[in-house]
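Everything on this sheet refers to the single structure shown next.
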Ligand code: SAH
Ligand code: SF4
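In this note's numbering, the protein residues as written are 183 to 558.
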């Protein structure tokens, strides 16, 4: 890819200064090495940015005055720019962040007793076009760069009050906002490194979840490189239905996907894969389908998370009734599968799963001549 196109894809702007926000320890060490500085400078700066919320080099009092002046010239700490903030009746907060060319991506903070979960975006839109997803309906423009991904966490910790125990507000991070994280692998992995690093966010791998619609080669790579918690958007128990709901299934069908999941789980003792299953009225919510799903997942390191469908404008699917969801859940439990139903949070501000649309200038369907959805 040419440097120019690469910049366009990652959204780097014209500011010639390097944004240090998106650099994990190894990259920051290289950066300081280039300045003739020792590796420990990288760790000092990581702590200032990610643990002490510094946004200016003048604040970094354990760096020499000369180094601070040099950093002011050549580097920056650029947090995402806020477009709007909405707070739901249930305390969920949704932020819309600028992502260039009039576009915006969304992050959602979900406060719960004992934890604060931040749901972050990895792309401006999504190319995978699942038929029940508001992000997919928007089309795709570009990948977020590392600074834009991790910056959502930095922003949240800078702006939310500390927890009662004095810890930062964000205790858990889920890649369940806009975009398919494994389709932006090269920027998501450094962001994961920052989430895990003791010099940055120091979160345990169990508190970080990457949710994927099933890009199999990247699942294996992620297992090799990061092994954070994995959630897989299954949504159907047979290929015919999954082909229609989650089009990537036509490339990586269910059996291939599940094999990759079991390989992923086998890398760690007691590692379970969470299977997400959106409950669509009359589409995938029958007892027969619960049995079929159990047939795939029984006696495997699997948990099921049922997600009541969240409607959005222009989409014809309906949410399964509470009774149907309960019956489906009980049936799975009857088969011995650990099954939970996701509480719908923030739907009064369109912040629930699958409702995140942001503002996306689609560059894919317009190029394909508006063939319509799922025409691949
Ligand atoms: N691209 C990734 C992560 C983002 S979507 C993925 O697909 O896994 C996060 C979760 O929300 C996924 O399980 C997705 O299938 C689900 N989802 C999408 N649209 C939804 C909707 N309208 N209602 C409920 N869940 C939805
Ligand atoms: Fe993309 Fe995930 Fe939405 Fe599918 S569900 S269109 S993969 S964001």
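Where is the CB? At the ideal position from N, CA and C, for every residue including glycine.
Check your understanding: Between residue 244 and residue 226, which are expected to be in contact by the criterion C-beta below 8 Å, what is the C-beta distance as a whole number of angstroms?
Key -> Contact holds; Cβ gap of about 6 Å.
- Message: Please report the distance separating the alpha-carbon of residue 247 from that of residue 253.
- Response: Distance between the alpha carbons of residue 247 and residue 253: 10 Å.
- Less than 8 Å separating the beta-carbons of residue 325 and residue 366? Contact flag set, yes.
ask   = Taking the continuous beta strand (DSSP E) assigned at residue 276, which residues delimit it?
value = Counting along the chain, residue 276 sits inside the beta strand (DSSP E) bounded by residues 275-280.
### Query
Looking at the unbroken alpha helix (DSSP H) that takes in residue 514, where does it start and where does it end?
Element bounds for residue 514: 504-516.
Original post:
Run through DSSP, which three-state label would residue 199 get?
Top reply: In this structure, residue 199 counts as coil in the three-state DSSP scheme.
Margin query: So, for residue 537: in the same chain, excluding its five sequence neighbours on each side, which residues have a beta-carbon less than 6 Å away from its beta-carbon?
Written below: Counting only residues of its own chain and dropping the five nearest sequence neighbours on each side, residue 537 has a CB closer than 6 Å to the CB of 316, 492, 494.
Contact between the stretch 517-524 and the stretch 295-305: three or more CB pairs below 8 Å? Remark: fewer than three beta-carbon pairs, one from each stretch, lie closer than 8 Å, so the stretch 517-524 and the stretch 295-305 are not flagged as touching.
- Query: Can you list, in chain order, the stretches of the beta strand (DSSP E) that have 3 or more residues and sit fully within the stretch 373-431?
  - Reply: With a minimum length of 3 residues, the continuous beta strand (DSSP E) runs that stay inside the stretch 373-431 are 390-394, 411-415.
Report task. Starting from residue 329, follow the alpha helix (DSSP H) in both directions and report where the run begins and ends. Result -> First-last of the alpha helix (DSSP H) with residue 329: 328-341.
Worksheet entry | residue 444 burial status per 10 Å Cβ neighbour count (16 or more: buried) | Taking all protein chains shown into account, residue 444 has fewer than 16 neighbouring C-beta atoms within 10 Å of its C-beta and is therefore exposed.
message: Is any non-hydrogen atom of the ligand SF4 found closer than 7 Å to the C-beta of residue 362, if you look at the structure I gave you?
response: Checking every heavy atom of the ligand SF4 against the Cβ of residue 362, one is found closer than 7 Å.
Rounded to the nearest angstrom, what separates residue 469 and residue 475 at their Cα positions? Just so you know, the alpha carbons of residue 469 and residue 475 end up roughly 10 Å apart.
- When you compare each of 412, 424, 530, 422 to residue 487 by their alpha carbons, which one comes out closest? Closest by C-alpha distance to residue 487, out of 412, 424, 530, 422, is 412.
So what does DSSP say about residue 301, is it helix, strand or coil? DSSP, read as helix, strand or coil, puts residue 301 in strand.
- Task: Can you grab the Cα-Cα spacing for the pair residue 200 / residue 479, in whole Å?
- Result: If you take the alpha carbons of residue 200 and residue 479, they lie about 46 Å apart.
Residue nearest to residue 402 in terms of C-alpha spacing, selected from 389, 446, 327: Closest by alpha carbon: 446.
Roughly how many angstroms separate the alpha carbons of residue 237 and residue 290, rounded to a whole number?
Using only the alpha carbons, I get a separation of about 22 Å.
Is the CB-CB distance between residue 313 and residue 427 below 8 Å?
Result yes, Cβ atoms of residue 313 and residue 427 sit closer than 8 Å.
- Considering only residues of the same chain and omitting the five flanking positions on each side of residue 482, which have a CB-CB separation below 7 Å? By the criterion of a C-beta distance shorter than 7 Å, residue 482 is surrounded in its chain by 444, once the five residues flanking it on both sides are discounted.
Note down the Cα distance separating residue 496 from residue 464, rounded to an integer number of angstroms.
Going from the Cα of residue 496 to the Cα of residue 464 covers about 18 Å.
- Item | Beta-carbon gap between residue 332 and residue 283 smaller than 8 Å | Judged by beta-carbon spacing, residue 283 lies beyond the 8 Å limit of residue 332, meaning their Cβ atoms are not closer than that value.
Notebook entry, point to check: Helix, strand or coil: which one does DSSP assign to residue 490?
Noted result: In the displayed model, residue 490 falls within a strand according to three-state DSSP.
Checklist entry - Can you tell me the Cα-Cα spacing of residue 382 and residue 376, whole angstroms? => result C-alpha separation (whole angstroms): 6 Å.
Quiz item: Are the CB atoms of residue 415 and residue 471 nearer to each other than 8 Å?
Solution: No, Cβ-Cβ distance for residue 415 and residue 471 is not below 8 Å.
- request: Determine the contact status of residue 531 and residue 270, defining contact as a CB-CB distance below 8 Å.
  value: Contact flag set, yes.
Could you have a look at residue 317 and say whether DSSP puts it in helix, strand or coil?
-> Collapsing the DSSP output to three states places residue 317 in a helix.
Worksheet item: From residue 214 to residue 222, what distance separates their C-alpha atoms?
Response: Rounded to the nearest angstrom, the gap between the Cα atoms of residue 214 and residue 222 is 9 Å.
From which residue to which residue does the beta strand (DSSP E) around residue 290 run?
Run containing residue 290: 286-294, per the beta strand (DSSP E) assignment.
If I follow the unbroken beta strand (DSSP E) through residue 268, where does it start and stop?
Segment 264-269, the beta strand (DSSP E) holding residue 268.
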